[in-house]
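To start, the structure itself, in structure tokens.
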Amino acid sequence: MLSTLLRLSDASVQLGKVTALQHVSLSVRRGEFIALVGANGSGKTTLLRLLHGLIDGNGARRVGEPAPVQAMVFQRPFMLNLTVWNNLRLALWLARARVPRAEAPARALEALQRVGLVESRDRPARVLSGGEQQRFALARAWAVRPDLLLLDEPTANLDPSAKKEVEALLLGFAAEGITLVMSTHNLGQAKRLATRVVYLDRGEVRLDLPTAQFFGPSADERARLFLKGELPWTLE
Amino acid sequence: MNEFAQSARSALDLIVHADATLVRTVTLSLVVSGTACLFAAGFGLLGGAWLAVARFPGLRAALLLLNTLLALPSVVVGLVVYLLLSRSGPLGSWGILFTPTAMVIAQTILVVPVVAALARQVVADGLRDGGDPLRSLGAGPLLAALLMLLHERWAVVTILLTAFGRAIAEVGAVMIVGGNIEGVTRVMTTTIALETSKGDLPLALALGLVLLAVVGLLNIAIGLVQRSRYASVVVHPR
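Order-wise, the sequence lines are chains A and B.
Note that the numbering used here has the first sequence beginning at 125, numbered continuously upward.
Note that the numbering used here has the second sequence beginning at 239, numbered continuously upward.
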């Protein structure tokens, strides 16, 4: 039985007048790679932000014991107007409760090596290409040795080659035992990477199934229509 | 036209020969306004960053007040500081009225709202994109706001330049609290006003030219600094 890192019970989130999530119950267990899928506005990003503790919702959010170290990678990576190296050192300084000061330089270097950006350490982070920025964001998240890594459409806006590099890194992280929860519009990617797929529709979790089952015949009509729209060849 | 040309020639003479009165007046102006801007940077940047992330009842009213203070008349600041520092005022015992210190205080009060309001806006705009990522990395709200000031440091430099421009060009506050005492509290703007009323146009014009040159040089310096905007900023972990 996999240990639970995070659990939401009957969680709802109201953003202004919009109900972004309603009555969501979800457990994230150690070692899983969960893909959150659903149309735009279905609540994927809100669910990730709720899981990460960036927003509060109604209902219960319980973290496992000991509390998992979390990191999040956003769709548009945000980097301070500093060099790659200083952005990384700053991130490790912010995580100083978990990263001993003496270890920080080695960790930063290791993280850059992990994503192949050592050569770019002295470049301004904001002039990196889209793919490099996303790899850097992954390095920054990985440097704090997270138990749980949340990813908000990490390959949106990337070309196929950069997408492939990011996917390879994610599979590497999963192989290291990092639990991943990723939102994506790319169902092919969900099928390739995830062990479990959660389908959201209008703020509700409609399906929560192992990947193989999700892409098989589905009982949920909306999910079927969603799959049909995205992957028509699978249902014909 | 002839009189203007003659005055301009005399003014250039004063500048070229580094006239002692001119140099003393320019130096005092730079010291007073520069010091005021340093204090304003401390209070204004911190206050602006805090206001960008603070949540308390009355925040809207506080922001409205801050934005109103952007147009604070310098003579009103001068009057208030004068009343505070005059012998019968609550801070009269300090004995600093008609000194450069009083002028620094007045100019600081004048430009703090400028720095705070503009810094708040810069931070609030930046946090729209960077707020969640910085919080995700472990920064609390105030630290995230301060990091945003580092991130937007070129905008901050522009804000401080704006504040310096407001300080060095104002005349009302320094005239009231400084008293325009020759060799002690006489700065460029008060000298220009005085010499013009006396009909000594060359010195007034020379100071006007220097005032323009100071602002021009500052702009050039900022431009040069911004060229190296991607130069590394060393982060010292504790």
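Virtual Cβ for every residue (Gly too), placed ideally from N, Cα, C.
Keep in mind that this is a model prediction, so the values were computed, not measured.
Where the beta strand (DSSP E) through residue i begins and ends
i: Gln337/A; result: Counting along the chain, Gln337/A falls outside any beta strand (DSSP E), though it belongs to the alpha helix (DSSP H) covering Thr335 to Phe338.
i: Asn205/A; result: No beta strand (DSSP E) contains Asn205/A, which DSSP labels as neither H nor E.
i: Asn182/A; result: Asn182 to Val187
i: Ile419/B; result: Element bounds for Ile419/B: n/a, residue is neither H nor E.
Where the alpha helix (DSSP H) containing residue i begins and where it ends
i: Val254/B; result: Asn240 to Val254
i: Asp370/B; result: Pro338 to Leu375
i: His309/A; result: First-last for His309/A: undefined, no H or E at that position.
i: Phe260/A; result: Gly254 to Trp266
i: Val269/B; result: Ala258 to Val291
i: Phe297/A; result: Pro284 to Ala299
i: Arg225/A; result: Run containing Arg225/A: none; DSSP gives neither H nor E here.
i: Asn305/B; result: Leu297 to Leu307
i: Pro379/B; result: Pro379 to His389
i: Gly316/B; result: Ser312 to Leu323
i: Thr532/B; result: Chain B is shown from 239 up to 476; residue 532/B falls before or after that span and cannot be answered.
i: Arg173/A; result: Lys168 to His176
Residues that residue i bridges to, as DSSP identifies them
i: Leu328/A; result: This sequence places Glu at residue 328/A; Leu is not what is there. DSSP lists Asp325/A as partners of Glu328/A.
i: Arg81/A; result: In the structure displayed, chain A extends from 125 to 360; residue 81/A sits before or after that span and is not available.
i: Ala195/A; result: Leu273/A
i: Pro248/A; result: Thr207/A
i: Ala159/A; result: Met306/A and Val321/A
i: Ile439/B; result: Sequence inspection shows Leu at residue 439/B; the Ile mentioned does not correspond to that position. Answer is none; Leu439/B lacks a bridge partner.
i: Gln138/A; result: Thr143/A
i: Val148/A; result: Ala135/A
Spatial distance of residue i from residue j (CA atoms)
i: Gly280/B; j: Ala382/B; result: 17 Å
i: Val472/B; j: Asn210/A; result: Annotation note: pLDDT 44 at Val472/B (below 50); position unreliable, coordinate value reported separately. Straight-line Cα distance between these residues: approximately 7 Å.
i: Gly417/B; j: Thr423/B; result: 7 Å
i: Leu132/A; j: Lys168/A; result: 14 Å
i: Ile419/B; j: Leu375/B; result: 55 Å
i: Leu150/A; j: Ala309/B; result: 53 Å
i: Leu388/B; j: Asp257/B; result: 41 Å
i: Ala282/B; j: Gly437/B; result: At residue 282/B the sequence reads Gly, which differs from the Ala that was named. Roughly 39 Å between the two C-alpha positions.
i: Ala265/A; j: Glu328/A; result: 28 Å
i: Thr207/A; j: Ala228/A; result: 16 Å
i: Tyr468/B; j: Gly368/B; result: In this prediction, Tyr468/B has a pLDDT of 47, which is less than 50 and means its spatial position is unreliable; what the coordinates show is noted afterwards. When rounded, the distance between both Cα atoms is 19 Å.
i: Leu304/A; j: Phe402/B; result: 50 Å
i: Ala357/B; j: Ile460/B; result: 18 Å
i: Arg231/A; j: Glu189/A; result: 25 Å
i: Ala83/A; j: Pro328/B; result: One cannot answer for residue 83/A here, as it falls past the ends of chain A, which runs 125 to 360.
i: Ala246/B; j: Leu443/B; result: 7 Å
i: Ile430/B; j: Leu260/B; result: 11 Å
i: Leu335/B; j: Gly177/A; result: 54 Å
i: Leu284/B; j: Met203/A; result: 22 Å
i: Ala243/B; j: Leu439/B; result: 11 Å
i: Ala298/A; j: Ala362/B; result: 36 Å
i: Val290/A; j: Thr279/A; result: 7 Å
i: Ser307/A; j: Thr170/A; result: 10 Å
i: Arg269/A; j: Val193/A; result: 7 Å
i: Gly421/B; j: Thr346/B; result: 22 Å
i: Pro371/B; j: Val251/A; result: 18 Å
i: His255/B; j: Ala249/B; result: 10 Å
i: Leu359/A; j: Gly183/A; result: Any answer about Leu359/A is weak, because its pLDDT of 44 lies below 50 and its placement is not dependable; what the coordinates show is given next. Rounded to whole angstroms, Leu359/A to Gly183/A spans 36 Å at the Cα level.
**Request:** Could you name the residues of the segment 173-193 of chain A whose beta carbon sits closer than 8 Å to any beta carbon of chain B, in the order they occur along the chain?
**Result:** Correct list: Arg173, His176 and Leu178.
**Contact residues within the segment 372-392 of chain B, judged by C-beta distance below 9 Å to chain A** = Leu372, Arg373, Ser374, Leu375, Gly376, Ala377, Leu381, Leu385, Met386, Leu388, His389, Glu390, Arg391 and Trp392
**Prompt:** Between the segment 395-402 of chain B and the segment 411-431 of chain B, do at least 3 Cβ pairs fall closer than 8 Å?
**Reply:** no
**Asked** Three or more beta-carbon pairs under 8 Å between the segment 185-205 of chain A and the segment 257-269 of chain A, yes or no?
**Response** yes
**the segment 256-264 of chain B / the segment 440-452 of chain B touching (three or more Cβ pairs under 8 Å)** = yes
**Members of the segment 205-217 of chain A near chain B, C-beta cut-off 9 Å** = So the close ones are Asn205, Leu206, Thr207, Trp209, Asn210, Asn211, Arg213, Leu214, Ala215, Leu216 and Trp217.
**Asked** Using Cβ-Cβ distances below 8 Å, what residues of the segment 352-371 of chain B are close to chain A?
**Response** Asp367, Gly368, Asp370 and Pro371
**Request:** Check distances from the C-beta atoms of the segment 293-320 of chain A to those of chain B and list, in chain order, the residues that come in under 8 Å.
**Result:** The residues in question: there are none.
**Request:** Quick one: which residues of the segment 259-274 of chain A get their C-beta closer than 9 Å to a C-beta of chain B? List them in chain order.
**Result:** Listed by position along the chain: Ala261, Arg264, Ala265, Val268 and Leu274.
**Message:** Would you call the segment 179-193 of chain A in contact with the segment 315-330 of chain A, where contact means no fewer than 3 C-beta pairs closer than 8 Å?
**Reply:** no
**Asked** Is it true that the segment 302-317 of chain B meets the segment 336-351 of chain B, where meeting means three or more beta-carbon pairs spaced less than 8 Å apart?
**Response** yes
**Request:** Would you check if there are 3 or more beta carbon pairs closer than 8 Å linking the segment 287-307 of chain A to the segment 150-162 of chain A?
**Result:** yes
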